[in-house]
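Colleague: Going by numbering that gives the first Met the number 0, 601 is the number at position 602 of the sequence shown; the sequence numbering is gapless.
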Amino acid sequence: MLKINDTYVLSEKAIHNALSKLSWKLLKKEMDKSLWHKNPMGFLELVMRSDSLVNKRENEDKQNKRNLLFTELLGYATHTLKKNDLNEFEKKLGFFAIADNCFSEILKFEGQLSALKDLQPATRLWSVMNWFIRDSHYVEKKIEETFKGGKPILFGSLSITGESGVPVDPSAYHIQQVGALGSAILMESHRCNWFDGDGNVVIPDTVEVSEDDIFKSGSILYNANIWALFDDLQEQVRYLGRGFIVRDKDEHENPPKDLKFGIEFGKNAQSKILDHVAGQRNFTRETSNFFSTKKDLKLNNLLDAVAFVTGSQYLKEHHHASSSLSVLLNYGIAEDDTQYEGLTLTEWIDGFCGLRGFCTNLHSSTAKNKYLSAELITFSEKPLIQHLQSVGMEKEKSITFIKNITFHRKSRDLFDTPLIKTSSGFVIVSDILLGSVISRSIASNILSRKGEFKPKGDGLENTVKEIFNSNGIEAVSYRRKFPAPEGEYEYDTLALWEEKLFVFECKNRWLCEGRPVAIYNYSKQVQNDIKQVDRLVAGLKAHPEMVSAAFGRAVSYDEIIPCVVGGLPYAMPEKYSGIYFTDISIISRFFSERHFKVEYGDSERSDSISLYDQWESDTPSVTNFLKTLARPVQVALALSATDFRTIELAISPSIYLKSELIITKHLDLDDYKELIRSM
């Protein structure tokens, strides 16, 4: 987990304000009234996190002012810092110029592509979208071939072989390509100023493109991928402290004549790896829930009957999205009447279900599989509003929904804002919309607009208590207030089991989904969790009578075991700062299912293969539970399916890049059995 340096009384907001103005006078003023010299590395990390110091578009004036600011800062720090610290300052601050150079060279390289030289902007953009469609068809075909191979396919470990012969995770590849398409559309929109007054992207209406145009446009997506890759890497350096080495031209063997330098990035941060594992676990859980719902005949018969009586077109899809979002947020969303960007969560689901149904109906009759087959679907706003109204949405709510999901200059991706505005209507890439998970698209859209889900009282805490109490283990909540300065102690859940007192602090947070800034903020929250839990444990030791008061009787225990429980599947192997970081799915799975099994996705097969025994006896024990907290099987499986691939590429004719990427490797059933035997 990423260590967050305590920057004493430094104000990050004030420091970043001074840096945004490139003012040494303001920066020195903030430094002089702080204790920055007591933790210079913490101060340096704070400076590195200033987004305003990065120039993604060449700006000579800003670069010169920034260089002058850094010169003043280094000169000032020379009198305070040790030599090693000063060298670290020089290296890290020098990264901003390196990042600028890389972004600039990527854009220059893009200007040399035939797609930009030979094609007009509208033709270029529609060619790029058509290239994406062709690529999606290829991936779809390879997935189909894999499922027809005859071997059991494990969810979360599907792998296909691309034209290069290298195994590829199709889900990760699809997410990458969707991100590249969004970047390509935004870059073209910035070049041509295709934005309306609300910041929405507005592209020209459909343009006929040739096979040659589509072929040329593939380079646009390639370059967009390079841009997205480096953008992520530079954020990892600035927020997660990822190492890097800059190699001069003379350090390379037979370098190209125009080579300026090479940049090699160090190992992935542990926090980045743990976030990847959490994402894989969440994907596997959602996939498993989806297939479990599909295989539940009783539930599906009931939903079919209700749909027949009510005339609802999307009851099953609505139920699955509502159930999934309720699980993600750890409360029943039907009870939540909060307005998120003008819509309740139920209305968000109504909108996405209606939009998906509308676009499915517009699929060409030649599409072999309307749900998966990629196609560019164009339409005007009026029939979409009419369709949304026909499925129960009010007109004003329909307009609000359309506004919220229209692709704009600050969109996170095309999954949560799939509507692309054209001069006279909209276009949608069908497989991006139809293949997305509605619950995640809704949450991502709301969070990307700086929205927050309302705290829902004791939802997660009640779930933890219910799990323990239903298994014969006493679990209670407790709160007691002492006079200042000690203040109040609030215990979400205290559980007493075989002379062990468990202290559970519940945290309902969203996953970071690979974004370095989010991972950094998550790590900050973890550091705060440690302080909070340490205080709670210290309170029990200082006031042992609180435990007896909580359980309503005299109790004894020989050990306090502190745990942080997440609502979403984020857990750490082993303790961190003396605390277990686990999640509700690990706890509930421990008590509800003795064995880990592999189930078949085929609805006609109900059998399964047992892989691992969590209890080792007829009933769960505290020893087994501690083993699960220390090394959760779910995390071990996800880590075993996590691999690293080193890539080396030219991001332009003059800059060489080398980096290790996190990937998901293919594991078959035998691989999982071997892993389980080693645990």
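For glycine and all other residues, C-beta sits at the position ideal for the given N, C-alpha and C.
Does the stretch 532-540 come close enough to the stretch 455-469 to have 3 or more Cβ pairs within less than 8 Å?
Modeller: Touching, no, given that fewer than three Cβ pairs across the two stretches are closer than 8 Å.
Colleague: Considering Cα atoms alone, identify which of 418, 545, 663 is closest to residue 379.
Modeller: Looking at the Cα atoms, 418 is the closest of the given residues.
Colleague: Pick from 522, 627, 398, 424: whose alpha carbon is nearest that of residue 200?
Modeller: Of the listed residues, the one whose Cα sits closest to residue 200 is 424.
Colleague: Ordered along the chain, which non-local residues of its own chain (more than five positions away) have a Cβ less than 8 Å from that of residue 479?
Modeller: Closer than 8 Å at the Cβ level, and outside the excluded window around residue 479, lie 487, 488, 542, 545, 548.
Colleague: Please report how far the alpha carbon of residue 526 lies from the alpha carbon of residue 436, in whole angstroms.
Modeller: Their Cα atoms are separated by approximately 31 Å.
Colleague: Would you say the stretch 57-66 touches the stretch 34-47, given that touching needs at least three Cβ pairs under 8 Å?
Modeller: The answer is no - the stretch 34-47 does not touch the stretch 57-66, with fewer than three Cβ pairs under 8 Å.
Colleague: Determine the DSSP secondary structure at residue 75, reduced to helix, strand or coil.
Modeller: Three-state DSSP puts residue 75 in a helix.
Colleague: Cα separation between residue 386 and residue 183?
Modeller: Their Cα atoms are separated by approximately 31 Å.
Colleague: Based on the DSSP output, what are the partners of residue 452 in its beta bridges?
Modeller: The partner list for residue 452 (beta bridge, DSSP) is empty, contrary to what the question assumes.
Colleague: By Cβ distance below 7 Å, which residues in the same chain neighbour residue 458 in space, the five residues on each side in sequence not counted?
Modeller: The answer, listed in chain order, is 329, 330.
Colleague: Quick check: what's the CA-CA separation for residue 115 versus residue 412?
Modeller: Taking the straight line from one Cα to the other gives about 23 Å.
Colleague: In this structure, how does DSSP classify residue 117 when only helix, strand and coil are distinguished?
Modeller: Note: residue 117 maps to helix in three-state DSSP.
Colleague: Alpha carbon to alpha carbon, how far is residue 599 from residue 662?
Modeller: Interpretation of residue 599 is limited by its pLDDT of 49, a score under 50 that renders its predicted location unreliable; no figure is taken from the coordinates.
Colleague: Helix, strand or coil: which one does DSSP assign to residue 253?
Modeller: The answer is coil: DSSP assigns residue 253 none of H, G, I, E or B.
Colleague: List the whole-angstrom C-beta distance separating residue 565 from residue 506, where the pair is believed to meet the contact cut-off of C-beta under 8 Å.
Modeller: So it is a contact: roughly 6 Å between Cβ atoms.
Colleague: According to DSSP, is residue 569 helix, strand or coil?
Modeller: Correct three-state label for residue 569: coil.
Colleague: Report all residues from its chain with a CB closer than 7 Å to the CB of residue 653; omit the five preceding and five following residues, and keep chain order.
Modeller: If we look at residue 653 and ignore the five residues flanking it on each side, its Cβ neighbours are 104, 257, 258, 259.
Colleague: Which residues does DSSP pair with residue 660 in a beta bridge?
Modeller: Residue 660 is bridged to 644.
Colleague: What are the boundary residues of the beta strand (DSSP E) that includes residue 579?
Modeller: Unbroken beta strand (DSSP E) run through residue 579: 579-582.
Colleague: For a minimum of 4 consecutive residues, which ranges assigned as the alpha helix (DSSP H) are wholly contained in the stretch 164-223?
Modeller: List check, alpha helix (DSSP H) in window: 169-191.
Colleague: Take residue 582 as the anchor and find which of 633, 556, 226 has the nearest alpha-carbon.
Modeller: It is 633 whose Cα lies nearest to the Cα of residue 582.
Colleague: Threshold first: 4 residues or longer. Then list the alpha helix (DSSP H) segments lying entirely within the stretch 339-387, N to C.
Modeller: Runs of the alpha helix (DSSP H) inside the stretch 339-387: 344-361.
Colleague: Could you check what DSSP says for residue 509 in three-state terms: helix, strand or coil?
Modeller: Coil.
Colleague: Is residue 201 a contact residue of the ligand NAP, with contact defined as CB to any heavy atom under 7 Å?
Modeller: Among the components of this structure there are no ligands whatsoever, and the ligand NAP is therefore not found.
Colleague: State the Cα-Cα distance for the pair residue 669 and residue 17, rounded to the nearest angstrom.
Modeller: One C-alpha to the other measures close to 57 Å.
Colleague: Using 8 Å as the Cβ pair cut-off and three pairs as the minimum, do the stretch 209-218 and the stretch 427-443 touch?
Modeller: Contact between the stretch 209-218 and the stretch 427-443 is absent, because fewer than three Cβ pairs lie under 8 Å.
Colleague: Would you list the residues sitting across from residue 500 in a DSSP beta bridge?
Modeller: DSSP, once it has assigned bridges, lists 495, 559 as partnering residue 500.
Colleague: Any idea which residues DSSP pairs residue 479 with across the strands?
Modeller: BP columns for residue 479 point to 488.
Colleague: What does the Cβ neighbour count give for residue 439, buried or exposed, with the cut at 16 atoms within 10 Å?
Modeller: With 16 or more Cβ atoms within 10 Å of its Cβ, residue 439 is classed as buried.
Colleague: Please classify residue 557: is it buried, with 16 or more other beta-carbons within 10 angstroms of its beta-carbon, or exposed?
Modeller: Exposed is the call here.
Colleague: Taking C-alpha atoms, which residue in 119, 180, 444 lies nearest to residue 509?
Modeller: If we check each option's Cα against that of residue 509, 444 comes out closest.
Colleague: Is the Cβ-Cβ distance between residue 202 and residue 373 less than 8 Å?
Modeller: It is not a contact, given that the beta carbons lie outside the stated cut-off.
Colleague: With a Cβ-Cβ cutoff of 8 Å, do residue 76 and residue 85 count as a contact?
Modeller: The answer is yes: Cβ separation under 8 Å.
Colleague: To the nearest angstrom, how far is the alpha carbon of residue 474 from that of residue 622?
Modeller: Distance between the alpha carbons of residue 474 and residue 622 is about 18 Å.
Colleague: Can you tell me which of the three DSSP states residue 10 falls into?
Modeller: Here residue 10 sits in coil by DSSP.
Colleague: Can you list, in chain order, the residues of its chain with a C-beta nearer than 7 Å to that of residue 637? Leave out the 5 residues immediately preceding and following it.
Modeller: Only 276, 279, 280 meet the Cβ criterion.
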